[in-house]
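Notes follow once the structure below has been shown.
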Amino acid sequence: MPEGHTLFALARDLHAAFAGTRPEVTSPQGRFEEGAAQVTGRELLAATSRGKHLFLEFEGERWVHVHLGLIGTFRVDGRDWTAEVAPVGAVRMRLATPEHVADLRGPNLCAVVTPDEVAAVMDRLGPDPLRPDADPDRAWRRIQRSSRSVGELLMDQAVLAGVGNVYRSEVLWRHRLSPFTEGRAMKPASWRLVWDDLVRLMPLGVATGRIVTVEEQVLEVEAALGRGERPHLTERTSQVYKRTGEECPRCGSRIRTQVVARRNLFWCGRCQRRR
DNA sequence: AGGTGATGGTCAC
DNA sequence: TGACCCTCACCTG
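Residue 865 is where the first sequence starts when you use our numbering, and the numbers rise one by one after that.
Take a look at the structure:
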């Protein structure tokens, strides 16, 4: 489920498994052989994410830049003595130490890059709500002077990094905001609600591995995490996303859908009316 | 067993 | 606007 929370959790897991080690890096599938040869055996210094981008920093100023795209997966596993770890399927990149193995499949992008190239990627991304140092005003300045719709702007990674199609629809619904309001017509208070909500919701996505936006579940997860427990999630995990034709949980009107920024946007035409 | 669409983004035409 | 990446959950039968 690659929105920003997925990449954040992945960076955390990769860092825990491989930082400070010298993993063997290979490309069983073959499409990353040259890149793998440039980093294999080097110390992995850090794994980090920014929006939907993932970076593995190796010693010697060599970074691996990964983007999962829509269908990519990256699995980090502890190695146990009985497990068969022979490559299966199209593994673009494999990291392996005696303790851990991680397989990357189907990414949009997997390349060795320089620190300058990493900086360039970071620079063109908007603030990531998962980062404590993120500056929401940077996003607001762009939104404020844009004639594009809010539904479009929320999906633009140069405006805001890490939000994807699920968080977009869900966060707008939570604040009764129309996706079709122009950025320049958005109220500062509305933007503040959206940003603060993402700052609240996305860490729950990191902690649970699910996108949790139903308020009752949000409260349950927060309470469970506060007690140091593992949250238990019920079935319904979205209020409008992929619920075309169903009743809006708030007002009972039908959920509608329309392609905005090349993805299906879901919203309630009654309680998210344009103002 | 087989088919489809998807939480994304880039590049070519 | 469509191809690509070629996975995976969720349908259908």
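Just so you know, even glycine gets a beta-carbon here, dropped at the ideal spot from N, CA and C.
- Here the alpha carbon of Trp-1004 sits roughly 7 Å from the alpha carbon of Trp-1055.
- In the DSSP assignment, the residues bridged to His-929 are Phe-919, Ala-975.
- In the displayed model, Leu-1036 falls within a helix according to three-state DSSP.
- In this structure, Ala-966 keeps its C-beta atom at 8 Å or more from the C-beta atom of Ala-875.
- Ile-1075 carries a coil assignment under DSSP once its states are collapsed to helix, strand and coil.
- Asn-1128 is bridged by DSSP to Val-1123.
- Rounded to the nearest whole angstrom, the C-alpha separation of Gly-894 and Arg-956 is 7 Å.
- Under the three-pair Cβ rule at 8 Å, the segment 996 to 1016 counts as touching the segment 1038 to 1058.
- Burial is judged here by how many other beta carbons sit within 10 angstroms of a residue's own beta carbon; Ala-998 has at least 16 and is buried.
- Note: Glu-1111 is bridge-paired with Arg-1118 in the DSSP secondary-structure output.
- Burial check for Ile-935: the Cβ neighbour count within 10 Å stays below 16, so the residue is exposed.
- Annotation for Arg-1002: the continuous alpha helix (DSSP H) segment containing it runs 1000 to 1008.
- In the three-state scheme derived from DSSP, where H, G and I count as helix and E and B as strand, Val-982 is classed as helix.
- The criterion of a C-beta distance shorter than 8 Å is satisfied by Asn-972 and His-931.
- DSSP, reduced to helix, strand and coil, places Ser-1054 within a helical segment of the structure shown.
- When DSSP states are grouped into helix, strand and coil, His-964 belongs to the strand group.
- Closest in alpha carbon position to Arg-943, among Ala-960, Thr-937, Gly-953, is Ala-960.
- Membership of Gly-1015 in the alpha helix (DSSP H) is indicated by the continuous run 1014 to 1017.
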